[in-house]
Every structure is written in structure tokens, then in C-alpha cells.
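Peer 1: One line per chain: the protein sequences are C and U, in this order. The working numbering numbers the first residue of the first sequence as 1 and each following residue consecutively. The working numbering numbers the first residue of the second sequence as 1 and each following residue consecutively. Using N, Cα and C, we set each Cβ at its ideal position, and we do this for glycine too. If you're wondering where the values come from, they're calculated on a predicted model, not measured in any experiment.
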Amino acid sequence: MTFSEEICLPYLRAAQNPDGGWGFRSGSQSRVEPTAWALLALDQVFPANAASEAIARGVRFLSDSQLPAGSWPAAAGQGQGAWVTSLACWAFLSANENRDALKRGLSWLVAERPGDSGAWWRLIRRLTAHKKVSMQNDAYWGWSWTSGTASWVEPTAYALLALSASPLDLLPPQAGSRQKLAEGMLFDRMCPGGGWNCGNPMVYGVPGEPQVSTTVWSLLALREHAERSEIQESLAWLEKNWGSIQSLASLALTQVALNAFDRGNSAFSTTLERLYEPDAISWNVPVAAWAALAASGKKFWLQPERAEFKN
Amino acid sequence: MAVRRVANYQADLSSVLFETLREFDLPVRGKTVLLKPNLVGLDPLGMMNTHPAVIAAARESFLRLGAAEVMVGDGPAMDRDTQAVLESIRLREFAGPLSRFFVDLNTDDVERVLLKTRASRLRELYFPKTVRGVDFLVSLPKLKTHHWAGVTLSLKNMFGVIPGSCYGWPKNILHWAGIDRAILDINAAVRPDFAIVDGIIGMEGNGPIQGVSKTAGVLIAGDDPVAVDSTCARIMGLAPEKIDHIARAATFLGHIETQKIRQLGESIASTRTPFAVLEAFRHLRQEAA
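This is the structure:
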């Protein structure tokens, strides 16, 4: 049996809550983000009959969690949508489920603008240019973590991944222009020399240090631009960083990105088994999902195959 | 509050802290304690985050005082890979297997809290249940400057209890609400019962991440976070009355005036080590006050 079959699948199945959702850890509150990751992994990596009931329950949890505006909240009880909307949409796409809910989610996503997209905000930034501490091109913006706040790398990358995986007939007309702006934002926020951090490539004249997760999501979101030097530099940073990896999350995500560009590291499986510890610090639902996706060696899950929607 | 001179992280920090804590008669026997260090991101050079030796010593000290359980918890703001952050500072070498005591506040179960104060635009925040449920909360920051707030000490350190799983990495909702005001609302909602500041090696200049290390050679501890931060600021050569969130916190969360702060151990004058600040914060310097 593979690591995914022996470790990831049983863990993900056991961690599902009675309400159909997944928390970040086994036994914790159901949340949209870990539920989406669990669904993506179960649906894309394992045979159809391995977890069909779990997937159906998880999809029902996501459907029930959707807000009237079409978005999803980061935590139950929050009345406003957040970045997890992208992940929920992606999970629905993967499961070919609930076309109407997906369409509403995508509509919300395309309409949702970050706080730094407003003309007033950009004017204030221009007028206070001499006080600028972070160098960025304000003409570009993407998506924020929570409603009305600034654009950041990770939520922008998630939105691009969900939008690029969506059938065109489900996307509002403005989707294309939002994607172009967001891609521009990601390229603008790359750290000097390659890689991304949360979105501060230069603060008070000091270059920011890249981080694994944000570099991975950016590379996946920009994978159609593989020929660009920024992508190649960033892939090189990830490859060079391999020897410094000390966590399962970083390991799995690094391999996910490298796989997408056909540069997967052959040492992944042995490193995964060396680092694996079934404790709550290093091993949780998203990490188990990422490990399964990475171990699959495939990149197809980024653009889930679209059969007919089941409903 | 107490100021202790400590030369380096190889000193007997457990003894220093235990003897310091004993002077405060803290109500921790049989209680659950949460230590909240400042773990911002990957820190292989060891100047950004609360040093693991201080974390381990604090944990040991509270256990010696009879606490039933001493957890360590944080929600790193800039890197969602908490395990990577913990491994980069080698916390397990100092304090043992992480799963026995560490809580990732970023992904903890959460509960909604209506804010008692209206310092910022925020009306509610989701807090980790671990933070809300613990008997005794200790803010355990590093002595650093901050390029938006002026300084990051025990009050600003409480940003780290706000879960990234609800608000992202970084927790930008707090910046948009006004950093100084959000600090007040958070501390009013979950006021630290005690603070221990790792000032053995701090950070000056472009803190809290990209500054340079600054040896101050002190541990500062106290049961009034405003008094602790005020004292820290004075040791750093800064005027706490000029630091917005400390000055505002002094109106309802604690004391800023030296005459109202009972000082144990070393004096501020003898431990004063002026920290370099960014040009925008020159007005905070005590000689400029």
C-alpha cells in the first residue's frame, strides 16, 4: 500500500465530523477550509468507491455552509464571506456538484473587491508616496483574506485557481479582467530573486524572504506562464529550499508545485516517511490532503475533469 | 513589576524566572496557564521570535509554582506553517515534544466574542477557545521595535491570539481597523494576567521582522501589561507616553506613570539601552519627548 492509502485515506475518513465537515484536526470544529482540502484529496486521489459517502456528506456540509450572498465564511457564524469561498468552489468543481451553488460562489468571488482596489485608496497612496514603506504597483490588485481588506498573495492565488478551473459558462463577464489584474499583482509582489511571501516583497527598502506555501500557491496560479523568468526563478528557489524543509506541510506543498511543472523531487516519498509524525502539530487535515495530492504525482487535480454536474 | 539582568540565553533562566514569579504570589496553583510567545515566522537566526530558552524556562517556572498544566500557544501571523516556525527556533530541543504542550492558535476551535470596547471599528472577533478557556494568560513577547506600532511588547503580542484560520496570514482585518486601536480591543477582551518580556536579545530598527538584533540583557516581568510595556519602552530609550497604544491602554488597562509602578530588581536607568528606531518614529525617543 502507498503512504496515501495507508496513512492519508484512513486519517481523512476518520477525521470527518458527524455534520459531514472536517475540522483542522480530528475532533475539531468543522470549517470550510479543511473540508474543501479533504474533499479535493478524497475526490482526486483515491478510487471512486474509496470515500464516496464521505465525499457526499462533505459536499452537503459545504452546501449548507454557503451564505445567502453566495460566499462561504471562514468560521461558522461569520456573516461575511472570506477567502475560503475559492476553496469551496474548487471542491464543488472537483466533485461536479451543485452547479447553482457553484455559480453563486463564483459570482460572489468575481464581484468581491479588496479594499486596495478603490480609486480613493489609490489616490491616498499616491499623495503619500513619500511615506510609502512597501513598494508595490497599486494598479494591480487581487483578492483579500476578509472582506474589504487589502490584496494578499495567497487569497489571490486561490481565487485564480478556482476561476481557471471553472467552465466559462459559469463565470461572470468580468472574470477575465479580474484574472489579468490578479496575475499582474502576483508578478508584482514576487520577492526579489524569486519566490513569494504573504505579499511584502520590499518593506523599508529591505527585500522580503520567500515562504514555501505562498510560493507554491502563486506558482500553481501562474502555471500557464511557465516560460517567464519569474516562474523559473521561483521554481529554482523551491528546489534549492528542499534541503531546508522541516515540516510535512512544506514538504507536501513543495512537491505539489514541482509536480505541476514536471519537476517533482524523486526523494519525496522517502522524505515524507522520514518526517511523518502522527501528532497534532505536524499532521492535520490540510496536511494529510496535501500529502495525498503530492504523493499522487499528478497535476490533473488542479483542473478537475468536468463531467456533467450531478445537480 | 521586575527587571532582571540576564547576560545571555545560556544563563540559568529557570531560576531567574522562578524567583521572579515567586515575588508576585500568582494564583496559578492547580490552574491552567497559557504562555503566548511571539512567534512571527521562520527565525533561524533567533532574533525575531521569543527565544525557546525563555519559553522553556517560563513553562518550567509555572509548573514549579503548582500550575496543573502549562500550555504554549501562538498563531504566527506571517507563515501559516506553524510546525516549520517551531522547528526553525528548535523549540522541541528546549521544551520537549511539542504535541505535549503546544497549541496552534491559528487553527484552534474558535468562538465569537462581542468586543467590550470600541477603540477600533471592530465589533466582534473570533478567539481561540484555548485562550478563552485558560485560567491564567501570560504574554511572552520579545523586546522589539515595530515599523507600524512603534514597539511590539506584551500588548501588541496579543495580536497573535487572533486566529489566522478566521482572518488570514497576515490578519489584515486588524491593520485595517487601525493597529493601535485593535491592540486595545484585543487586550480588553483577553487581558493578559502576566507578562514576561524576552529582552536578552531584542530587535531594533525595522522591527518586527527585518530589524537588527540588539542586546539589552534583561528579562522584564509584571502583572500589569501596560506597566510592563511602559518599563520596556523606557529601557529601550523611548517615551511610552508617545507610543499611541500604550498611552491609550493606560487610560483603562494599566499604569504608565513610574510613580504608580512598583519596581523590583534592576532600575530602568541602569538597564537603559537605547534602541534605534525608523525615521518615522524618532519622535518616540525619550530625548525628543
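Considering only the alpha carbon of each residue, which of C:L170, C:W152 and C:N49 lies closest to W108 (chain C)?
Peer 2: In the first sequence, residue 108 (chain C) corresponds to position 108, counting from 1. Nearest option by C-alpha distance: C:L170.
Peer 1: Quick check on the DSSP output: what are the complete alpha helix (DSSP H) runs of length 4 or more inside the stretch 257-289 of chain C, in order along the chain?
Peer 2: Runs found: 268-275.
Peer 1: Since V151 (chain U) and L238 (chain U) should fall inside the 8 Å C-beta cutoff, what is the C-beta to C-beta distance between them, to a whole number of angstroms?
Peer 2: In the second sequence, residue 151 (chain U) corresponds to position 151, counting from 1. In the second sequence, residue 238 (chain U) corresponds to position 238, counting from 1. Contact flag correct, Cβ pair sits at about 7 Å.
Peer 1: Determine which residues share a DSSP beta bridge with P274 (chain U) and list them.
Peer 2: Looking up residue 274 (chain U) in the second sequence gives position 274. Per DSSP, none; premise fails for P274 (chain U).
Peer 1: Look up Q211 (chain C) in the DSSP assignment and say whether it is helix, strand or coil.
Peer 2: Taking the first residue of the first sequence as position 1, residue 211 (chain C) is located at position 211. In the structure shown, Q211 (chain C) sits in a strand (DSSP, three-state: E or B).
Peer 1: For a quick check, are the C-beta atoms of A177 (chain U) and L264 (chain U) less than 8 Å apart?
Peer 2: What you label residue 177 (chain U) is simply residue 177 of the second sequence in a count that begins at 1. What you label residue 264 (chain U) is simply residue 264 of the second sequence in a count that begins at 1. Cβ atoms of A177 (chain U) and L264 (chain U): not closer than 8 Å.
Peer 1: Does M203 (chain U) come out as helix, strand or coil in the three-state DSSP assignment?
Peer 2: Within the second sequence, numbered from 1, the residue matching residue 203 (chain U) stands at position 203. The answer is strand: DSSP assigns M203 (chain U) an E or B state.
Peer 1: Using a beta-carbon distance below 8 Å, is T146 (chain C) in contact with chain U?
Peer 2: Taking the first sequence and counting its residues from 1, one reaches residue 146 (chain C) at position 146. With its beta carbon less than 8 Å from one in chain U, T146 (chain C) belongs to the interface.
Peer 1: Which residue wins for smallest C-alpha separation from L46 (chain C), given the options C:C8, C:V256 and C:E239?
Peer 2: Start at 1 with the first residue of the first sequence, and residue 46 (chain C) comes out as number 46. The question names Leu, yet the displayed sequence has Phe at residue 46 (chain C). Residue C:C8 is the option with its Cα nearest to F46 (chain C).
Peer 1: Take every Cβ of the stretch 242-260 of chain U, pair it with every Cβ of the stretch 30-47 of chain U, and state whether three or more of those distances are shorter than 8 Å.
Peer 2: A contact is defined here as three or more CB-CB pairs under 8 Å, and the stretch 242-260 of chain U fails this definition with respect to the stretch 30-47 of chain U.
Peer 1: Would DSSP call T145 (chain U) helix, strand or coil?
Peer 2: For the purposes of this step, residue 145 (chain U) is taken as the residue at position 145 of the second sequence. In the structure shown, T145 (chain U) sits in a strand (DSSP, three-state: E or B).
Peer 1: Can we count Y9 (chain U) as close to the ligand FAD, meaning its CB is less than 7 Å from some heavy atom?
Peer 2: For the structure depicted, the ligand FAD is absent and the ligand set is empty, with no information on it obtainable.
Peer 1: Quick one: what's got a C-beta closer than 8 Å to S247 (chain C)'s C-beta in the same chain, skipping five residues either side?
Peer 2: Within the first sequence, the letter at position 247 stands for residue 247 (chain C). Taken in chain order, the residues that qualify are L275 and S282.
Peer 1: Consult DSSP for R31 (chain C) and reduce its assignment to one of helix, strand or coil.
Peer 2: The sequence position of residue 31 (chain C) within the first sequence is 31, counting from 1. In this structure, R31 (chain C) counts as strand in the three-state DSSP scheme.
Peer 1: Just to confirm my understanding: we take I183 (chain U), look at its own chain, exclude 5 residues before and 5 after, and list those with CB closer than 6 Å. What are they?
Peer 2: If you number the second sequence from 1, residue 183 (chain U) lands on position 183. Close CB contacts of I183 (chain U) within its chain, under the 6 Å cut and outside five residues either way in sequence, are with L155, K156 and H245 (chain order).
Peer 1: Throw me the rounded Cβ distance for the F24 (chain C) and L62 (chain C) pair, which I believe falls under 8 Å.
Peer 2: On the first sequence, position 24 is the one that residue 24 (chain C) refers to. On the first sequence, position 62 is the one that residue 62 (chain C) refers to. Not quite, the Cβ-Cβ distance comes to about 16 Å (not below 8 Å), so this is no contact.
Peer 1: Just checking: is the beta-carbon of C232 (chain U) within a distance shorter than 8 Å of some beta-carbon in chain C?
Peer 2: Position 232 of the second sequence, counted from the first residue, corresponds to residue 232 (chain U). So no, C232 (chain U) is outside the interface.
Peer 1: Step through the CB atoms of chain C and report whether any lies within less than 8 Å of the CB of E87 (chain U).
Peer 2: Mapped onto the second sequence, residue 87 (chain U) falls at position 87. Cβ-Cβ to chain C under 8 Å: yes for E87 (chain U).
Peer 1: Taking 6 Å as the limit between beta carbons, can you name the residues of its chain near T50 (chain U), skipping five residues before and five after?
Peer 2: Mapped onto the second sequence, residue 50 (chain U) falls at position 50. Around T50 (chain U): P37, N38, L140, K142 and D198.
Peer 1: Which residues of chain U have a Cβ atom closer than 7 Å to the Cβ of D279 (chain C), listed in chain order?
Peer 2: In the first sequence, residue 279 (chain C) corresponds to position 279, counting from 1. Within chain U, the residues whose beta carbon sits less than 7 Å from that of D279 (chain C) are S99, listed in sequence order.
Peer 1: Using a Cβ-Cβ distance cut-off of 8 Å, determine whether Q66 (chain C) contacts chain U.
Peer 2: On the first sequence, position 66 is the one that residue 66 (chain C) refers to. Chain U, which has no Cβ nearer than 8 Å to the Cβ of Q66 (chain C), makes this no.
Peer 1: Specify, as a first and last residue, the run of the alpha helix (DSSP H) that Y158 (chain C) falls within.
Peer 2: In the first sequence, the residue the question calls residue 158 (chain C) occupies position 158. Note, Y158 (chain C): alpha helix (DSSP H), V153 to A165.
Peer 1: Around the C-beta of V153 (chain C), are 16 or more other C-beta atoms found within 10 angstroms, so that it is buried, or is it exposed?
Peer 2: On the first sequence, residue 153 (chain C) is found 153 positions in, with the first residue counted as 1. It is buried - the Cβ of V153 (chain C) has at least 16 other Cβ atoms within 10 Å.
Peer 1: Check the Cβ-Cβ distances between C198 (chain C) and every residue of chain U, and say whether any is below 8 Å.
Peer 2: Residue numbering aside, residue 198 (chain C) sits at position 198 when the first sequence is read from its first letter. Judged by the 8 Å Cβ criterion, C198 (chain C) is in contact with chain U.
Peer 1: Mind checking W22 (chain C): buried by the 16 CB within 10 Å criterion, or exposed?
Peer 2: Taking the first residue of the first sequence as 1, we reach residue 22 (chain C) at position 22. Burial call: buried.
Peer 1: Got a sec: is the Cβ-Cβ distance from N17 (chain C) to anything in chain U below 8 Å?
Peer 2: Mapped onto the first sequence, residue 17 (chain C) falls at position 17. Chain U contact via Cβ: absent.
Peer 1: Could you tell me which residues DSSP puts in a beta bridge with K103 (chain C)?
Peer 2: Locating residue 103 (chain C) in the first sequence gives position 103, where the first residue counts as 1. Looking at the DSSP assignment, K103 (chain C) forms no beta bridge with any residue, so it has no partner.
Peer 1: In chain U, which residues lie with their C-beta within 8 Å of the C-beta of V216 (chain C)?
Peer 2: Position 216 of the first sequence, counted from the first residue, corresponds to residue 216 (chain C). Going along chain U, no residue has its Cβ under 8 Å from V216 (chain C), so there is no contact; the nearest lies around 11 Å.
Peer 1: Can you tell me which of C:D279, C:R31 and C:L161 puts its alpha carbon nearest to the alpha carbon of A221 (chain C)?
Peer 2: One-based indexing of the first sequence puts residue 221 (chain C) at position 221. Taking only the C-alpha atoms, the option nearest A221 (chain C) is C:L161.
Peer 1: When we look at the beta-carbon of D25 (chain U) and count the other beta-carbons within 10 Å, is it buried (16 or more) or exposed?
Peer 2: For this step, residue 25 (chain U) is matched to residue 25 along the second sequence. Exposed, because fewer than 16 other Cβ atoms sit within 10 Å of the Cβ of D25 (chain U).
Peer 1: Skipping 5 residues on each side, what residues in its chain have a beta carbon closer than 7 Å to that of A101 (chain C)?
Peer 2: Mapped onto the first sequence, residue 101 (chain C) falls at position 101. Only S63, Q66 and F92 meet the Cβ criterion.
Peer 1: Can you tell me the Cα-Cα spacing of R178 (chain C) and G58 (chain C), whole angstroms?
Peer 2: Sequence index remark: in the first sequence, residue 178 (chain C) carries index 178 (1-based). Sequence index remark: in the first sequence, residue 58 (chain C) carries index 58 (1-based). Cα-Cα distance, rounded: 30 Å.
Peer 1: Hey, which unbroken runs of the beta strand (DSSP E) at 3 residues or more fall wholly within the stretch 87-156 of chain U?
Peer 2: 102-104, 110-114, 124-128, 136-140, 142-146 and 150-152
Peer 1: Could you please give the first and the last residue of the uninterrupted beta strand (DSSP E) stretch that includes I7 (chain C)?
Peer 2: As a first step, residue 7 (chain C) must be located in the first sequence, where it is residue number 7. It is not in any beta strand (DSSP E) - I7 (chain C) carries neither H nor E in the DSSP assignment.
Peer 1: Going along the chain, which residues of its own chain have a beta-carbon closer than 6 Å to the beta-carbon of F281 (chain U), five neighbours each way excluded?
Peer 2: Position 281 of the second sequence, counted from the start, is the residue given in the question as residue 281 (chain U). Excluding sequence neighbours, F281 (chain U) sits near G150.
Peer 1: Taking C-beta pairs closer than 7 Å, name the residues in chain U that G77 (chain C) reaches, listed in chain order.
Peer 2: Taking the first residue of the first sequence as position 1, residue 77 (chain C) is located at position 77. The answer, in chain order, is R112.
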